[in-house]
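Residues in the sequence shown are numbered from 83 upward in steps of one, following the numbering used here.
We put the CB at the ideal spot given by N, CA and C, even for glycine.
All values reported here derive from a predicted model rather than from experimental measurement.
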Amino acid sequence: MSDIAKDIVKGLATRMFNSAVAPIERKSKHVARCIVFGVMGGVLVCVALGFATAAGYIWLRSRFDPAIASLVVAALYLCVALLCFIAITTRAEATPSQASIWGGGPSRSSPQDRLQEVSDSAQSISDALHLDQIKPHHLAMLAVIGGYILGRQLDKKSK
């Protein structure tokens, strides 16, 4: 093969390789950027929640007894945790792509199956308590009503 033919083949191979690698490189840079900014955003959200909690506690403590302020902050976090638990335990129907991934029926010793058993137990508790009929805005409304009643009671005691 002549030098000109070798250069042409080398140039074509290089262009073909670069055109095949370029989308992968762009996608990997995008994923890395998403991971970095996602972690940074998560850390900043946690810091902001910490400051918001501290500010809310300070404001509540100036209006009420410190023990009551602590209980209100704890109840707020408990409501958020309960909402997260309900969001986790609600079931969504499996899509065909998910069904094909699991291939019909996983073995009884797999971690996914044990997780499914825990989910089934939580679902049976949810069914017994009719939690499927309670929506997050219902829980939020209960928290608001509870806070209103607590505030009225504390206001009556302070007079």
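Quick check: what's the CA-CA separation for V154 versus L131? On the sequence shown, position 72 is the one that residue 154 refers to. On the sequence shown, position 49 is the one that residue 131 refers to. Cα to Cα, V154 sits roughly 15 Å from L131.
Indicate whether the contact test is met: 3 or more Cβ pairs, each with one atom in the stretch 142-150 and one in the stretch 119-131, closer than 8 Å. no
Residue interval of the alpha helix (DSSP H) (run including F146): As a position in the sequence shown, residue 146 is number 64, starting the count at 1. No alpha helix (DSSP H) contains F146, which DSSP labels as neither H nor E.
Would L165 pass as a contact of P105 if the rule is Cβ separation under 8 Å? For the purposes of this step, residue 165 is taken as residue 83 along the sequence shown, with counting starting at 1. For the purposes of this step, residue 105 is taken as residue 23 along the sequence shown, with counting starting at 1. No.
T171 - DSSP class collapsed to helix/strand/coil: Taking the first residue of the sequence shown as 1, we reach residue 171 at position 89. Reduced to three states, the DSSP call for T171 is helix.
Between the CA atoms of K238 and A157 - distance to the nearest angstrom: Here residue 157 refers to the residue found at position 75 of the sequence shown. Here residue 238 refers to the residue found at position 156 of the sequence shown. Approximately 21 Å, taken between the alpha carbons.
Straight-line CA distance for W184 to E199? The sequence position of residue 184 within the sequence shown is 102, counting from 1. The sequence position of residue 199 within the sequence shown is 117, counting from 1. Confidence is the limiting factor: at W184 the pLDDT is only 48, short of 50, which leaves the residue's position unreliable, though a coordinate-based value still follows. Cα-Cα distance, rounded: 15 Å.
R152 (DSSP reduced to helix, strand or coil): Here residue 152 refers to the residue found at position 70 of the sequence shown. Checking the sequence, you will find Ser at residue 152 rather than Arg. Reduced to three states, the DSSP call for S152 is helix.
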